[in-house]
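Peer 1:
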Amino acid sequence: MRRNPGFTGAFLVFALAGGVFLFFCEKGQMVLWLNALHQPGWDIFFKYYTFVGDGFFYALVCLGLFGWRRHWGGLGLLCFALTGLTAQFLKKWIFSDALRPMAFFKDRVELHWVEGVVVHSYQSFPSGHTVTAFSCFCLLALLWPRPIWGILGLGLAMLAGLSRVYLGQHFWVDVYAGAWLGTVFTWLIFALLLPYLEVASPGTRPQKAA
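0 is the number of the first residue of the sequence shown in numbering that gives the first Met the number 0; add one for each residue after it.
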């Protein structure tokens, strides 16, 4: 399978560090840490940056891929659909009672909530926004396999995941699982369809027939 060593290496570091955090820290610890760092600037930034993990953003990326190469756009839509549907199935059918921070902490801890953000109470696991962000940037890293783009993409996806914790929408375990789901599923889809794809080098466009 074609790989982006930058994305692969950065993801492995993320997976190791994130797993260590899960093992040694309590479930709501990261929510409390990030919530304690709240300030107006971060509130505005994360309020809007979290939309990087929204389906509309992924759809725009797929539209751009269609303009570059049609089969890339089709691949993007397939990754978008399969990862998104899997995340929603897990959230709504398997882990529908999983509490989000608002319901988990309830009256025990006074949290800061960002104005204008609708905060939910259930269906916490996994984080759908994180699934979408990691799937999107993993796909782009596979299509444009320069290491620097892979590292940058991983960083942008991780920031989208952290936005969900900062906003009080998810726990770190939800984000961590979402990152694995979005990345692994996208990688598998790409690997299975690779024989049928013509993955061009960066900066090249298909030539029209004379």
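A virtual CB, placed ideally from N, CA and C, is assigned to each residue, including glycine.
How long is the line joining the alpha carbons of Ala140 and Arg107, rounded to whole angstroms?
Peer 2: Straight-line Cα distance between these residues: approximately 42 Å.
Peer 1: Classify Arg99 as buried or exposed, calling it buried when 16 or more other Cβ atoms lie within 10 Å of its own Cβ.
Peer 2: It counts as buried.
Peer 1: Residues in its own chain within less than 8 Å of Leu33 by CB, not counting five upstream and five downstream?
Peer 2: If we look at Leu33 and ignore the five residues flanking it on each side, its Cβ neighbours are Leu161, Val164 and Tyr165.
Peer 1: One question on the structure: do Cys135 and Ala102 come within less than 9 Å of each other, judged by their Cβ atoms?
Peer 2: Cβ atoms of Cys135 and Ala102: not closer than 9 Å.
Peer 1: Over what stretch of residues does the alpha helix (DSSP H) that includes Ser134 continue unbroken?
Peer 2: Element bounds for Ser134: Gly127 to Leu142.
Peer 1: Just how far apart, CA to CA, sit Val113 and Lys46?
Peer 2: Rounded to the nearest angstrom, the two C-alpha atoms are 7 Å apart.
Peer 1: Between the Cα of Asp173 and the Cα atoms of Met29, Ile188, Pro4 and Val12, which residue gives the shortest distance?
Peer 2: Cα-wise, what sits closest to Asp173 is Met29.
Peer 1: Using the three-state DSSP reduction, which class does Trp112 fall into: helix, strand or coil?
Peer 2: It is coil, neither helix nor strand.
Peer 1: For Val19 and Leu158, what's the separation of their Cα atoms in angstroms?
Peer 2: Between Val19 and Leu158, the C-alpha separation is close to 18 Å.
Peer 1: DSSP on Leu98, reduced to helix/strand/coil?
Peer 2: In this structure, Leu98 counts as coil in the three-state DSSP scheme.
Peer 1: Under 9 Å between the Cβ atoms of Gly154 and Ala9?
Peer 2: For Gly154 and Ala9, yes; Cβs fall inside 9 Å.
Peer 1: Taking all protein chains shown into account, do 16 or more other C-beta atoms lie within 10 angstroms of the C-beta of Ile150, making it buried, or fewer, making it exposed?
Peer 2: The residue is buried, with at least 16 neighbouring Cβ atoms inside 10 Å.
Peer 1: Give a yes or no on contact between the segment 65-77 and the segment 120-132, applying the rule of three or more CB pairs nearer than 8 Å.
Peer 2: Contact between the segment 65-77 and the segment 120-132 is absent, because fewer than three Cβ pairs lie under 8 Å.
Peer 1: Which word fits Ser126, buried or exposed, when buried means at least 16 other C-beta atoms lie within 10 angstroms of its C-beta?
Peer 2: It counts as buried.
Peer 1: For Lys26, which option in Phe184, Ala178, Leu187 and Gly167 has the closest C-alpha, if you only look at C-alpha atoms?
Peer 2: Answer by Cα proximity: Gly167.
Peer 1: Is the beta carbon of Gly40 closer than 9 Å to that of Tyr57?
Peer 2: Not closer than 9 Å, so no.
Peer 1: Any idea what DSSP makes of Ala208, helix, strand or coil?
Peer 2: Note on Ala208: pLDDT 38, under 50, position unreliable in the model; no value is reported.
Peer 1: Report yes if the C-beta distance between Gly17 and Tyr175 is below 9 Å; otherwise report no.
Peer 2: Cβ distance < 9 Å, so Gly17 and Tyr175 count as in contact.
Peer 1: Could you spell out the range, first to last residue, of the alpha helix (DSSP H) harbouring Gln87?
Peer 2: That run of the alpha helix (DSSP H) goes Arg69 to Phe88.
Peer 1: If you count every other CB in all the chains shown that lies within 10 Å of the CB of Val51, and 16 or more means buried, which is it?
Peer 2: Label assigned to Val51: buried.
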